Amino acid sequence: FMASSLEGKLYTTPQARKMDRKEDTSRCKRQKTEETGGEDAKKQEAKKTDSDEKNDAQKVASESGNRKGDDGELPSDRPKCPICNLTMPIYKNESQYLVCCGQSICIGCDHEEDEKYEEYENQIKMAAMRAAHRAGFGPGSDIRVGINPQKCVLCGANSVFNEEEMTKLLDKRIESGDAHAMGIKAYQIFTGTDEEPKDEKKSFELYQKAFELGDVSSGWHLGMSYYFGQGVGKNMEKAEDILRVCAEQGDIMCRFRLAAMQGAAEYLYPGQVAEEDVDFSSSMENFRIAACAGHEKALYCLRVGLKEGRVTKEVFDETEQACRRAVDSMTSDARERAKKARGIHEEVADRTG
Numbered sequence: 021f022m023a024s025s026l027e028g029k030l031y032t033t034p035q036a037r038k039m040d041r042k043e044d045t046s047r048c049k050r051q052k053t054e055e056t057g058g059e060d061a062k063k064q065e066a067k068k069t070d071s072d073e074k075n076d077a078q079k080v081a082s083e084s085g086n087r088k089g090d091d092g093e094l095p096s097d098r099p100k101c102p103i104c105n106l107t108m109p110i111y112k113n114e115s116q117y118l119v120c121c122g123q124s125i126c127i128g129c130d131h132e133e134d135e136k137y138e139e140y141e142n143q144i145k146m147a148a149m150r151a152a153h154r155a156g157f158g159p160g161s162d163i164r165v166g167i168n169p170q171k172c173v174l175c176g177a178n179s180v181f182n183e184e185e186m187t188k189l190l191d192k193r194i195e196s197g198d199a200h201a202m203g204i205k206a207y208q209i210f211t212g213t214d215e216e217p218k219d220e221k222k223s224f225e226l227y228q229k230a231f232e233l234g235d236v237s238s239g240w241h242l243g244m245s246y247y248f249g250q251g252v253g254k255n256m257e258k259a260e261d262i263l264r265v266c267a268e269q270g271d272i273m274c275r276f277r278l279a280a281m282q283g284a285a286e287y288l289y290p291g292q293v294a295e296e297d298v299d300f301s302s303s304m305e306n307f308r309i310a311a312c313a314g315h316e317k318a319l320y321c322l323r324v325g326l327k328e329g330r331v332t333k334e335v336f337d338e339t340e341q342a343c344r345r346a347v348d349s350m351t352s353d354a355r356e357r358a359k360k361a362r363g364i365h366e367e368v369a370d371r372t373g
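For what it's worth, my numbering labels the leading residue of the sequence shown as 21, then goes sequentially.
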């Protein structure tokens with residue numbers, strides 16, 4: 021091919037020369053823009069830096085209250101179900117304690133295991149009926165099917181359906197120092213069962229022991245015992261102190277109840293008049309933290325605070341988004357089926373923590 025030389029450059033074709041001239045023109049324009057627009061670029065960079073700093077400050081402010089300790093905890097730090105790995109529900113009636121191994125799972129996984137067992141049981145019964153039919157037995161025959169017991173999905177132990185046997189296992193766990201098992205036993209004594217008559221004082225003492233051993237759930241019941249004077253003399257100051265300790269350890273139910281005790285009780289109980297000279301800042305902040313963790317009733321209370329000018333629109337909007345994300349992280353089809361099957365109400369108004 022023919023190669024021509026221009027300004028010390030080699031070109032294989034005229035089109036290449038034309039393209040190079042265009043590049044030279046563009047290069048000159050860029051140099052001119054850099055010279056004339058240097059100051060504008062610096063100003064824009066300064067504005068961007070200020071904006072980034074402001075966004076970082078807003079992020080820190082919005083995330084305050086979601087760290088472990090006095091300000092709560094991040095949703096990612098909340099316990100997860102060992103089976104489905106979803107965040108455990110914050111409401112205590114939406115989880116299941118396994119007395120065989122002392123672990124807790126969500127009601128969704130517990131319900132799924134029940135569904136699998138029922139399906140297995142039905143299959144065994146159908147097989148037995150077909151076998152009986154082939155053997156000449158009529159449909160009204162008394163057929164007793166030996167079914168393998170359901171096993172715990174975590175430890176493999178045979179599940180127990182007899183209340184007396186379950187009580188023995190629970191007592192055995194209490195003897196081994198299982199604080200949560202103590203809390204469950206205390207609740208049984210508080211409500212009264214066939215095995216344990218109702219005894220508020222005995223229940224309070226067991227709740228206190230479980231709380232001292234580290235069971236935060238028992239702390240909630242212990243605080244409520246002081247609040248209502250059940251099994252112990254009524255003491256609002258002790259109730260608030262206990263709930264605060266549990267809230268700092270990440271218990272959202274305690275955080276929510278603490279917020280109500282700090283002056284916003286009329287949000288939960290319409291018609292109740294708030295005390296005079298109440299500082300609502302702590303109450304609103306605790307509602308905000310609980311709502312960020314997915315407590316929908318806390319979000320409702322925060323909305324009331326917004327209407328009364330105690331919370332800014334920006335804070336409420338951020339909290340509402342965080343609440344929705346937290347609720348989604350605790351929601352699954354299995355859990356919804358379980359709540360429907362077990363009659364757990366979905367209405368936020370029915371949830372008072």
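Think of the CB as a built atom: it goes at the ideal place given N, C-alpha and C, for glycine as much as any other residue.
It should be emphasised that the depicted structure is a prediction, and the values quoted were computed from it without experimental measurement.
For Cys343, the three-state DSSP class (helix, strand or coil) = Indexing the sequence shown from 1 puts residue 343 at position 323. It is helical.
task = Apply the 10 Å Cβ neighbour rule to Gln341 and answer buried if 16 or more other Cβ atoms are within range, or exposed otherwise.
result = What you label residue 341 is simply residue 321 of the sequence shown in a count that begins at 1. Counting Cβ neighbours within 10 Å, Gln341 comes out exposed, since fewer than 16 surround it.
task = Assign Gln116 to one of three DSSP states: helix, strand, or coil.
result = Position 96 of the sequence shown, counted from the start, is the residue given in the question as residue 116. It is a strand residue.
task = Have a look at Met304, Gly325, Ile272 and flag the residue whose alpha-carbon is nearest the alpha-carbon of Ala313.
result = Your numbering for residue 313 matches position 293 in the sequence shown. Measuring from the Cα of Ala313, the nearest candidate turns out to be Ile272.
message = Taking 8 angstroms as the limit between beta carbons, can you name the residues of its chain near Gly197, skipping five residues before and five after?
response = Your numbering for residue 197 matches position 177 in the sequence shown. Excluding residues within five positions, the ones whose Cβ falls inside 8 angstroms are Leu233.
query = Nearest CA to the CA of Leu278: which residue from Glu268, Gly270, Glu260, Gln269?
reply = Working through the sequence shown from its first residue, we reach residue 278 at position 258. Cα-wise, what sits closest to Leu278 is Glu260.
ask   = For Ser124, which residues does DSSP report across the bridge?
value = For the purposes of this step, residue 124 is taken as residue 104 along the sequence shown, with counting starting at 1. DSSP lists Tyr117 as partners of Ser124.
message = So, with DSSP's three-state summary, where would you put Lys317?
response = Here residue 317 corresponds to residue number 297 of the sequence shown, with the count starting at 1. Looking at Lys317 - three-state DSSP - the assignment turns out to be helix.
inquiry  = Would the region 121-130 count as touching the region 342-356 if we require 3 or more Cβ pairs under 8 angstroms?
reply    = yes
request  = Assign Thr211 to buried or exposed, taking buried as 16 or more other Cβ atoms, counted over all protein chains shown, within 10 Å of its Cβ.
outcome  = For the purposes of this step, residue 211 is taken as residue 191 along the sequence shown, with counting starting at 1. By the neighbour-count rule (16 or more Cβ atoms within 10 Å), Thr211 is not buried but exposed.
Ser223 vs His200 beta-carbon contact at 8 angstroms = Taking the first residue of the sequence shown as 1, we reach residue 223 at position 203. Taking the first residue of the sequence shown as 1, we reach residue 200 at position 180. Not closer than 8 angstroms, so no.
query = Do Asn255 and Gln282 come within 8 angstroms of each other at the CB atom, strictly closer than that value?
reply = Walking along the sequence shown from the start, residue 282 turns up at place 262. Walking along the sequence shown from the start, residue 255 turns up at place 235. No. Outside cutoff.
task = To the nearest angstrom, report how far apart Trp240 and Leu226 are at their CA atoms.
result = Here residue 240 refers to the residue found at position 220 of the sequence shown. Here residue 226 refers to the residue found at position 206 of the sequence shown. Roughly 13 angstroms separates the two Cα atoms.
message = Here's the rule: buried if 16 or more other CB atoms are within 10 angstroms of the residue's CB, otherwise exposed. What is Lys218?
response = Here residue 218 refers to the residue found at position 198 when the sequence shown is read from its first residue. The residue is exposed, with fewer than 16 neighbouring Cβ atoms inside 10 Å.
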